[in-house]
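Protein chains in written order, with numbering that gives the first Met the number 0: chain A, 0 to 311; chain B, 0 to 311.
For each residue, glycine too, the CB sits at the ideal point set by N, CA and C.
Computed from a prediction, not measured in an experiment: that's the story for all the values here.
Everything below concerns the one structure shown next.
There are 2 protein chains.
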Amino acid sequence: MSAMVTELENSRAPLFVGIDGGGTKTKAIIYHNDVILGSAIAGPANPYHDFERAIHSVMTATTKALVDAQLPPQTIHSLIAGVGLAGVNIPELFEQVLSWGHPFKQMFLTTDLHIACIGAHQGKEGAVIITGTGSCGYSSAQGQSLVVGAHGFPHGDKGSGAWFGFSAVEQVLLAMDGLAQPTVLVQSVKSHLDCKDDLALVQRVNGQKSQFFATMAPLVFEAARQGDDVALSIVKEGAEYISGLADKLLQTKPDRLSIIGGLAPLLSPFLSPNIQDALAAPLAPPEFGAIYFAKQQLAQLQQQPILTEQEA
Amino acid sequence: MSAMVTELENSRAPLFVGIDGGGTKTKAIIYHNDVILGSAIAGPANPYHDFERAIHSVMTATTKALVDAQLPPQTIHSLIAGVGLAGVNIPELFEQVLSWGHPFKQMFLTTDLHIACIGAHQGKEGAVIITGTGSCGYSSAQGQSLVVGAHGFPHGDKGSGAWFGFSAVEQVLLAMDGLAQPTVLVQSVKSHLDCKDDLALVQRVNGQKSQFFATMAPLVFEAARQGDDVALSIVKEGAEYISGLADKLLQTKPDRLSIIGGLAPLLSPFLSPNIQDALAAPLAPPEFGAIYFAKQQLAQLQQQPILTEQEA
Chain A
0 MSAMVTELEN SRAPLFVGID GGGTKTKAII YHNDVILGSA IAGPANPYHD FERAIHSVMT
60 ATTKALVDAQ LPPQTIHSLI AGVGLAGVNI PELFEQVLSW GHPFKQMFLT TDLHIACIGA
120 HQGKEGAVII TGTGSCGYSS AQGQSLVVGA HGFPHGDKGS GAWFGFSAVE QVLLAMDGLA
180 QPTVLVQSVK SHLDCKDDLA LVQRVNGQKS QFFATMAPLV FEAARQGDDV ALSIVKEGAE
240 YISGLADKLL QTKPDRLSII GGLAPLLSPF LSPNIQDALA APLAPPEFGA IYFAKQQLAQ
300 LQQQPILTEQ EA
Chain B
0 MSAMVTELEN SRAPLFVGID GGGTKTKAII YHNDVILGSA IAGPANPYHD FERAIHSVMT
60 ATTKALVDAQ LPPQTIHSLI AGVGLAGVNI PELFEQVLSW GHPFKQMFLT TDLHIACIGA
120 HQGKEGAVII TGTGSCGYSS AQGQSLVVGA HGFPHGDKGS GAWFGFSAVE QVLLAMDGLA
180 QPTVLVQSVK SHLDCKDDLA LVQRVNGQKS QFFATMAPLV FEAARQGDDV ALSIVKEGAE
240 YISGLADKLL QTKPDRLSII GGLAPLLSPF LSPNIQDALA APLAPPEFGA IYFAKQQLAQ
300 LQQQPILTEQ EA
């Protein structure tokens, strides 16, 4: 047995795994005494879309992170798991994941939005705007949580990467029919999609999911930078929605507000001035938020018996 | 053998089947000497989405129509088929359907848009706006054909039933988050969807297809009629797109322009005045257009040998 394993077993500090499971990938980190011992990435973990696959991704990410930490596989039974998953805001799914028969010593489950928020504020309460492939807002303040958006693509998720790319494709299709001008944006989307003719382009975009459209979001911002009016109006419309969403979050009086996700650097300069002023840098990623969450839950559990004795 | 079968066999007039295959259903009519002998409906026939199912639907509609016409099954080998199918504007799909090994005496294949147009103008050239679950424009004039739209939902098909219902759902989701006013439209969509709470509604609309959204299109028009500004702006936006599409069609100088599809009666009053003035009533449904098409193709084929002899 390695010196590290012996040291961990003799330590009174618990060994944590922090898991951030989302629609495209799952991240896991092994954490002990303020040190990251290992990390790993696995496939998607959205139990709403595919329960079995979500569980498989959580397991794969964890076992790979243990390998990365040079810890033996059976260490999994000693882990205190903080798990944030998309979709578990639905009560039945929350219960289903809880009753999965996990291999951890203990598991604390919450939503991916919650751990993203706790991560951004290093364990404290606050609010986050998330703009990546999808978009939403989350606030945990004054003992209450609020979700704005998170309705999914294409009917929701305005101002997200998918929405920007989708709006760009709409313009290309209008221009193809002569119902809109073939601006810089239209040309850049057409060359991005690299289709030999209009019919091929129509076939290419048919039935595509959010990830496909999200790859084209940067083209909209680049065209807007070059002065393309159509691109600029799309950027303004998306930013206006996200500013409105942020205003809703600010009404909950959070201590901090951050914007996270792949689109954040591109979108932030277009948000309304009061939102830009309110933004604070995110301090840690969601998988750290999962660790903070597990620590807090564990501390609360350890306090409960004492409270009960005092009350009794 | 029945008197009718004997009569048909002795007749020199060919026996036709006209088939209109679309994304939701397939219609077939058996036609002889200007008389409809029988008709039937079968499942979807869009070979782009499901080739085997499309062929199966064409066969089912035909055999059911023969039964309805009180003709024996083997009559299928005597039929001259006019077939209009969605998706066969794609050259590979057109070839694939042509080489299917059909049981007809002869088969003439074209797009569903083409037979809809020929039907609306009783065999003559012209143009049609189609607004049902989807939307598009088609013109066959001056020896050239033009398709406007027909890009599919949700990235295309603006001004269609699906688009109106989708736009209504977007408003409901915004209102749920407090980012839009809960107008008449929002209330009517919520009661239409009949969900016990907001979460159930979000789950209900997730991943739905065009047909689901199209069922809610009438709610938008009804709310607009009641003076709901949000609904009215959706109606105006959709109608503006369809008017622009119709303008494109009018540029091809068609002899006639008609609007067809389930949404036509609701949408027509909102089209721009020049389009409303240009509209002529559709004269026959698409399955009749398929018969007209087959008759025209057959006549052309019968002329060809004579021309070839003259040339030789």
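- Val188/A and Met175/A have their C-alpha atoms some 12 Å from each other.
- At a Cβ-Cβ threshold of 8 Å, Gly81/B and Ile18/B count as neighbours.
- In this structure, the alpha-carbon of Leu145/B lies about 9 Å from that of Ala126/B.
- Membership of Phe15/B in the beta strand (DSSP E) is indicated by the continuous run Leu14 to Gly20.
- For Pro43/A, the closest Cβ of chain B is not nearer than 8 Å.
- Just so you know, the alpha carbons of Val234/A and Leu266/A end up roughly 8 Å apart.
- Residue environment: Val57/B is assigned as buried (16 or more neighbouring CB atoms within 10 Å of its CB, all protein chains considered).
- Our two residues, Asn205/B and His154/A, have alpha carbons roughly 8 Å apart in a direct line.
- Beta-carbon to beta-carbon, Ser159/B and Gly118/B are separated by about 20 Å, too far to satisfy the 8 Å threshold.
- For a cut-off of 8 Å, the C-beta gap from Leu231/A to His191/A is around 19 Å, too long to register as a contact.
- Val168, Glu169, Leu172, Asp176, Gly177 and Leu178: these are the residues of the segment 166-179 of chain B whose beta carbon lies less than 7 Å from some beta carbon of chain A, given in chain order.
- The segment 196-203 of chain A and the segment 241-254 of chain A do not touch, with fewer than three beta-carbon pairs separated by less than 8 Å.
- Flagged as an interface residue toward chain A: Pro153/B, by a C-beta distance shorter than 8 Å.
- By the CB criterion at 8 Å, Ala64/B and Ser98/B fall outside the cutoff.
- If you ignore the 5 residues before and after Ala277/B, its C-beta comes within less than 8 Å of the C-beta of Ala245, Leu249 and Leu256, all in its own chain and listed in chain order.
- Around the CB of Asn45/B, 16 or more other CB atoms lie within 10 Å, so the residue is classed as buried.
- The CB of Gly243/A comes closer than 8 Å to the CB of Leu178 in chain B, given here in chain order.
- For Cys116/A, the three-state secondary structure derived from DSSP is helix.
- For Ala53/B, the enclosing alpha helix (DSSP H) begins and ends at Phe50 to Asp67.
- Residue environment for Gly151/B: buried (at least 16 other C-beta atoms within 10 angstroms of its C-beta).
- Of the other Cβ atoms in all chains shown, 16 or more fall within 10 Å of the Cβ of Ala140/A; this residue is therefore buried.
- Under the rule that a run must span 4 or more residues, the alpha helix (DSSP H) segments found entirely inside the segment 117-178 of chain A read 160-175.
- Residue state for Val34/A is assigned as strand, using DSSP reduced to three classes.
- Around the Cβ of Pro71/A, a 10 Å sphere holds fewer than 16 other Cβ atoms; the residue is exposed.
- For the segment 124-148 of chain A, the set of residues with a beta-carbon nearer than 8 Å to any beta-carbon of chain B comprises Val147 and Gly148, in chain order.
- Between Phe103/B and Phe165/B, the gap from beta carbon to beta carbon reaches 8 Å or more.
- In the structure shown, the three-state DSSP call for Ala245/B is helix.
- The beta strand (DSSP E) runs lying completely inside the segment 215-261 of chain A and spanning 3 residues or more are 256-259, given in chain order.
- When Cβ-Cβ separations below 8 Å define contact, Asn32/B makes no contact with chain A.
- Taken through DSSP and simplified to helix, strand or coil, Thr23/B comes out as coil.
- Around the CB of Asp156/A, 16 or more other CB atoms lie within 10 Å, so the residue is classed as buried.
- Here Phe93/B has Val87 and Leu108 as same chain residues with Cβ atoms under 7 Å from its own Cβ, once five neighbours each way along the sequence are excluded.
- In the three-state reduction of the DSSP assignment, Val87/A falls in the coil class.
- Considering only Ala199/B, Val185/B and Asp49/B, the residue with the shortest C-alpha distance to Ile89/A is Ala199/B.
- Assignment of Thr182/B by DSSP, reduced to helix, strand and coil, places it in the coil class.
- Within the segment 201-214 of chain B, contact with chain A at the beta-carbon level (separation under 9 Å) is assigned to Val201, Gln202, Val204, Asn205, Gly206, Gln207 and Phe212.
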